[in-house]
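So in full-length UniProt numbering, spot 121 of the sequence shown is number 121, and the numbers just go up one at a time.
All C-beta atoms in this analysis are idealised placements derived from N, C-alpha and C, irrespective of residue type, glycine included.
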Amino acid sequence: MTTPAPRPSPRPARRFCAEDSRAAGEPIAGTGMHPARNVLIQWPKGRWRHSMRIADGMEGEIERAITQLVEAGWRVNLIDRKEARADRLQVFVFPENLCLALPPETLPACLDALRGGGDPTAFGARPVARPVVACCTHGKHDRCCAKWGFAVYKALAAEAAARGDFDVWEATHLGGCRLAAGVLVLPAMHKYGRLVPADAAALLAAEAGGQPLLSRYRGACHLDRPAQTAEVAGRVALDRAGHRGPAEVAQTDADHWSVTVAGATARVRLHPDEVRIATTCAKMPESGLPDPRTILRAEVLELAALPETAGPGASVPLATHTADAADAPPAPAPFAAPDR
């Protein structure tokens, strides 16, 4: 009797760093750092590589100019969308809040002038008319950004088209692939993570009102990790108490921070913790768990009214809670969006 051939072992299910990050309980607060000086260059997505700034077709002067601009301290990302013109490249410059439409052959000279402190208006720069929403869909950098990012981009683009007050683009790597879908809003410099398509309307409504969408907010880009962690926790608690507006964040001692919004201050305590996560899909181990990674968790201790609004020492006690756990957004439903 012939012995049947053994069946091949089933292929192990593909893992995604974003799913592992959620499962490990990694908070998104404190992960929003991003450089202040940014140049966004429209370039066809089909030509993107793993690099966030160099793509096919840039060989020669364009690649040189971008490389030297980065060496001078600028962050360069590529952007694209279906309706973008091929003969003129859209370029955005922040924090100058300028936009340009350039023929490709003019791009190197413009970037060189920017690097040297020149006036971009000589190249036809004009003020940015609407906030720019950059959604990472960079599947060639990390597969999570394709799986979750493109569907969120489409939802944001549709919502922005209906509203008419935001400029939405696909973007290369923005940092934090494991927190896909990720978005950066400029010039507000608000960074978001774990967005799902259903968040599009709420995110644009919040940004239109000058506020971050707290349920997906990673922190103000200009703050460091501890300050961002405190900022998000403080904002959430103060928002629940009806205090909304710009936030002032200050460290009061080694582990304690104050977050002040609209006449009230939240006292926040930070403490370290560990999670086992891989920062990208490429860094995920074939078996077992990733190495431990230190994170920060926040506890809001109390809310206190400022003296000029409620008299010296006035305060409103608030039950201690762990903000990143209590306020964590729900995990997005699994879906696979094609990378355009």
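query, result
"Distance between Ile28 and Asp324 (C-alpha atoms, nearest Å)", "Residue confidence is low: Asp324 scores 48 on pLDDT, short of 50, so the model does not pin down where it sits. Its coordinate-derived value is still stated next. Using only the alpha carbons, I get a separation of about 8 Å."
"Nearest-angstrom Cα separation, counted from Ala24 out to Ala201", "28 Å"
"Sequence-distant residues of its chain with Cβ nearer than 7 Å to Gly313 (five each side left out)", "Confidence at Gly313 is low in this model, with a pLDDT of 47, below 50, so its placement is unreliable and no value can be given for it."
"With 16 other Cβ atoms within 10 Å as the buried cut-off, status of Arg286", "It should be noted that the sequence gives Glu, not Arg, for residue 286. Exposed, because fewer than 16 other Cβ atoms sit within 10 Å of the Cβ of Glu286."
"Beta bridge counterpart(s) of Gly32 as assigned by DSSP", "Partner(s): none; Gly32 has no beta bridge."
"Local conformation of Thr265 per DSSP, three classes", "strand"
"CB contact flag (residue 342, Leu40, <9 Å)", "With the chain represented from 1 up to 340, any question about residue 342 goes unanswered, as that position is not in the structure."
"Residue environment, Ala161, which counts as buried when at least 16 other CB atoms sit within 10 Å", "exposed"
"Counterpart residues of Gly219 in DSSP-defined beta bridges", "Lys191"
"Residues that DSSP places opposite Arg126 in a beta bridge", "Cys99"
"Span separating the alpha-carbon of Asn38 from that of Gly73", "9 Å"
"Lys283 to Pro246 span [Cα, whole Å]", "37 Å"
"Inter-residue spacing [alpha-carbon to alpha-carbon] between Trp48 and Lys82", "14 Å"
"Integer-rounded CB distance, given that Trp169 should sit under 8 Å from Val196", "That belief does not hold up - the Cβ atoms of Val196 and Trp169 are roughly 19 Å apart, past 8 Å."
"At least three beta-carbon pairs within less than 8 Å, the stretch 220-229 to the stretch 139-152", "no"
"Contact check, Arg240 vs Thr31, beta carbons under 9 Å", "no"
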